[in-house]
Amino acid sequence: MLLRVMILYMNDVMSAGLHRLWKERLVGKLSPFAGMKHLDVAGGTGDVAFRIFDAVNSVKRRALRKVDEASLEETQIYVCDINPNMLNVGKQRAAERGLRDNKSLVWVEGDAEALSFDDNSMDGVLKRGGRFLCLELSHVDIPVFKDIYDLYSFKVIPNLGELIAGDRESYQYLVESVRRFPPQERFASMIGEAGFEKVEYENLVGGAVAIHSAIKL
82 MLLRVMILYM
92 NDVMSAGLHR
102 LWKERLVGKL
112 SPFAGMKHLD
122 VAGGTGDVAF
132 RIFDAVNSVK
142 RRALRKVDEA
152 SLEETQIYVC
162 DINPNMLNVG
172 KQRAAERGLR
182 DNKSLVWVEG
192 DAEALSFDDN
202 SMDGVLKRGG
212 RFLCLELSHV
222 DIPVFKDIYD
232 LYSFKVIPNL
242 GELIAGDRES
252 YQYLVESVRR
262 FPPQERFASM
272 IGEAGFEKVE
282 YENLVGGAVA
292 IHSAIKL
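Here the working numbering is used: the first residue of the sequence shown is 82, the next is one more, and so on.
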C-alpha cells in the first residue's frame with residue numbers, strides 16, 4: 082500500500098496532476114473499441130490500461146457501436162512491465178475496481194526490448210493496420226519555458242523524490258534519462274526508419290510531454 086501511494090502521489094506531484102490529462106489524451110487518440118487487443122508497455126500501474134478498459138466498456142461507446150457482450154469479452158489489454166512491484170500496484174488497483182479476475186486485463190512481467198508476444202499479434206508485435214502510440218516526457222524548445230522546466234527537473238524533482246519517496250537517486254536518474262531520450266523530430270524519424278507509416282507527434286505543455294503515433298502497414 083505504501084509503495085502504491087508513493088508512486089501515484091509522486092506522479093501527481095511531479096506533473097501537478099496533469100499526467101491524468103495526458104493519459105486521457107493518449108487514449109482519446111487511440112479511440113479503442115471492443116474486440117481489439119492492446120499492449121501497454123511499461124504500464125505496470127495500470128493507468129492507461131484502466132482508461133482503455135473504461136473507454137471500451139462505456140455505455141456511450143457501446144451504444145454508438147452496438148457492441149455485444151461477446152465482443153467485450155474478446156477485448157484484451159496486456160500490461161507489460163519489467164518491474165514486478167509496479168505490476169503488483171496495478172493488480173491491487175484492479176482488485177479495488179472489482180477487476181481482479183477480469184479476463185480482459187492481463188498482467189505480464191517482461192522486458193520492452195525482448196517482448197514475449199508473437200509478432201503481428203496486437204492491434205495497438207503490431208499486426209498490419211495496428212497503431213503505435215507513445216506517451217513520453219520529452220524536450221521543451223521554448224526558450225524561457227525551457228529554463229524553468231530545466232530548473233524544475235534538475236532541482237525540484239530529485240528533492241521531491243527524496244522528501245516524499247526517500248529516493249533521490251531514482252528521480253535524478255529519471256530526469257537524466259528524459260534528457261537522453263531523442264528529441265521529438267528525431268524520435269519520429271526513428272519510428273519511420275523502423276518501417277512505420279503516417280508518423281506524427283503532438284506536443285503537450287510546450288513539449289514537456291509528447292505523444293507519437295504511427296501505423297504499421
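Heads up, the beta-carbon is just placed ideally off N, CA and C, and yes, glycines get one too. Values in this document were obtained by computation on a predicted structure and should not be read as measured data.
- Short of 7 Å from the beta carbon of K110, and not among the five residues preceding or following it, lie these beta carbons of its own chain, in chain order: L214, I292 and S294.
- By the neighbour-count definition (other C-beta atoms within 10 Å, threshold 16), I272 is a buried residue.
- Checking the DSSP bridge columns, you'll see A291 partnered with E217 and N284.
- The way I'd put it, the segment 253-263 doesn't touch the segment 152-161; fewer than three beta-carbon pairs between them come closer than 8 Å.
- Contact between the segment 90-105 and the segment 232-244 is present: three or more C-beta pairs spanning the two stretches fall below 8 Å.
- Counting C-beta atoms within 10 angstroms of its own C-beta, L168 has 16 or more neighbours from the protein chains shown and is therefore classed as buried.
- In this structure, the beta-carbon distance from Q173 to K118 does not fall below 8 Å.
- Annotation: the continuous beta strand (DSSP E) that includes L120 extends over K118 to V122.
- Our two residues, H220 and V290, have alpha carbons roughly 7 Å apart in a direct line.
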